[in-house]
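*Asks:* From first to last, the protein sequence lines are chains A and B. Numbered according to this note's numbering, the first sequence terminates at residue 176, and the numbering increases by one at each position without gaps. Numbered according to this note's numbering, the second sequence terminates at residue 222, and the numbering increases by one at each position without gaps. Beta carbons are placed, not taken as given, at the ideal position from N, Cα and C, and that holds for glycine. Since the structure is predicted, the reported quantities are computational estimates derived from the model, not experimental observations. What follows is a single structure, and I will ask about it in a moment.
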Amino acid sequence: VLSQLRELGVESNTDLMGELIALFAVETPPLVAAIRAAIAAGDGDGLKRAAHTLKGTSSSLGAHELAHLSAELERLGRAGHTGGAPALLVQLEHEYARVVGALEVERQGAG
Amino acid sequence: MSILIVDDSATQRLLMTSLLKTGVQIPLVAVDAARAAFEHLAGPDGGAVELILMDISMPDIDGIAACGRIKATPGLEDIPILMVTASTEADELEQAFAAGGLDYITKPLNKTELLARVRSALRLNQEISRRKACEQELARLRGAA
Chain A
66 VLSQLRELGV ESNTDLMGEL IALFAVETPP LVAAIRAAIA AGDGDGLKRA AHTLKGTSSS
126 LGAHELAHLS AELERLGRAG HTGGAPALLV QLEHEYARVV GALEVERQGA G
Chain B
78 MSILIVDDSA TQRLLMTSLL KTGVQIPLVA VDAARAAFEH LAGPDGGAVE LILMDISMPD
138 IDGIAACGRI KATPGLEDIP ILMVTASTEA DELEQAFAAG GLDYITKPLN KTELLARVRS
198 ALRLNQEISR RKACEQELAR LRGAA
């Protein structure tokens, strides 16, 4: 999950890596909740915005599959087609849980 | 002088400031919204900002609108603005350039690309400042003659 950060020279077991993981844990749950709410409300703009931000944050850490699923949801939101989004949301929530788990393992390793 | 980073994501702000610190010796100021950027730029000498890194997708006022507003503000119009985006949508990039963006950087960030574009923009800004100073001096000499 953290390959992108390592490519940028952010090493494991550093304060910076710990801070980035902590920020991810704070910033992303509201984004996933906003994606869920936007799909339920058929709000294409809201879906586009929240999915776009989650895409940027997850890709920066190297969570490529999460970024890819976010990009797909962003595309649906941009087109105003939230109908196909629930199936993607299931995949995204599954992948999100996997990423959070991997980051937690990394954080505990750093601690 | 300083570089102003505008991004609503704390993760992105931390990552960007950390990467920039490895390659440029200039103070960094990071804010979380366009409004905070306007407030900073309203300070003495435009907040002493030499370069702005502006996220495009932000709630409230997005980066493209913020860029347009800064470019329309007397005294701030020459500050180069690098747009930062997780999108490569042609329409969005076109709007960013139309609003006065000098260039763009894509997320996920690439350290080499980020530092190269920032150094290039800083050099350009220094050249513009030098040219303006020369023009002012020339105008002064002509006035005195």
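In the DSSP output, what is S79(B) paired with across the bridge?
*Replies:* The sequence position of residue 79(B) within the second sequence is 2, counting from 1. In the DSSP output, where bridge partners are listed per residue, S79(B) has V126(B).
*Asks:* Does A111(B) pass the burial test, meaning 16 or more other C-beta atoms within 10 Å, or should it be called exposed?
*Replies:* As a working mapping, residue 111(B) is identified with position 34 in the second sequence. Per the 10 Å Cβ criterion, buried.
*Asks:* Quick one: list the residues of chain A neighbouring K209(B), beta-carbon separation under 8 Å, in chain order.
*Replies:* The sequence position of residue 209(B) within the second sequence is 132, counting from 1. Those within 8 Å of K209(B) in chain A number zero; the least Cβ separation is about 36 Å.
*Asks:* Thinking C-beta only, is L159(B) closer than 8 Å to L199(B)?
*Replies:* Residue 199(B) sits at position 122 when you count from the first residue of the second sequence. Residue 159(B) sits at position 82 when you count from the first residue of the second sequence. No; because the gap between Cβ atoms is not below 8 Å, this pair is not in contact.
*Asks:* Taking DSSP's pairing of strands, which residues face D132(B) in a bridge?
*Replies:* Here residue 132(B) is taken as the residue at index 55 of the second sequence, counted from 1. Looking at the DSSP assignment, D132(B) forms a beta bridge with V161(B).
*Asks:* If we ignore side chains and look at the alpha-carbon of each, how far apart do A216(B) and A176(B) end up?
*Replies:* For the purposes of this step, residue 216(B) is taken as residue 139 along the second sequence, with counting starting at 1. For the purposes of this step, residue 176(B) is taken as residue 99 along the second sequence, with counting starting at 1. Computed Cα separation, rounded: 30 Å.
*Asks:* Nearest by alpha-carbon distance to L170(B): which of G140(B), E127(B) and E154(B) is it?
*Replies:* As a first step, residue 170(B) is located in the second sequence; it is residue number 93 there, counting from the start. Ranking the options by Cα distance to L170(B), first place goes to G140(B).
*Asks:* In the DSSP assignment, the alpha helix (DSSP H) including A193(B) goes from what residue to what residue?
*Replies:* For the purposes of this step, residue 193(B) is taken as the residue at position 116 of the second sequence. K188 to A221 is the extent of the alpha helix (DSSP H) around A193(B).
*Asks:* If S79(B) sits next to V126(B), beta carbons under 8 Å apart, how far is it from one beta carbon to the other, in whole angstroms?
*Replies:* Counting from 1 along the second sequence, the entry for residue 79(B) is found at position 2. Counting from 1 along the second sequence, the entry for residue 126(B) is found at position 49. Contact flag correct, Cβ pair sits at about 6 Å.
*Asks:* On a Cα-Cα basis, can you pick out the residue from L67(A), Q156(A), Q69(A) and L85(A) that is closest to L91(B)?
*Replies:* Here residue 91(B) refers to the residue found at position 14 when the second sequence is read from its first residue. L91(B) has its Cα closest to that of L85(A), out of L67(A), Q156(A), Q69(A) and L85(A).
*Asks:* Name the two residues that bound the continuous beta strand (DSSP E) containing D180(B).
*Replies:* By one-based count along the second sequence, residue 180(B) stands at place 103. Taken as a continuous stretch (DSSP letters only), the beta strand (DSSP E) holding D180(B) covers D180 to T183.
*Asks:* Enumerate, from N- to C-terminal direction, the unbroken alpha helix (DSSP H) stretches of 4 or more residues contained entirely within the region 100 to 168 of chain A.
*Replies:* The qualifying runs are 109 to 126 and 129 to 144.
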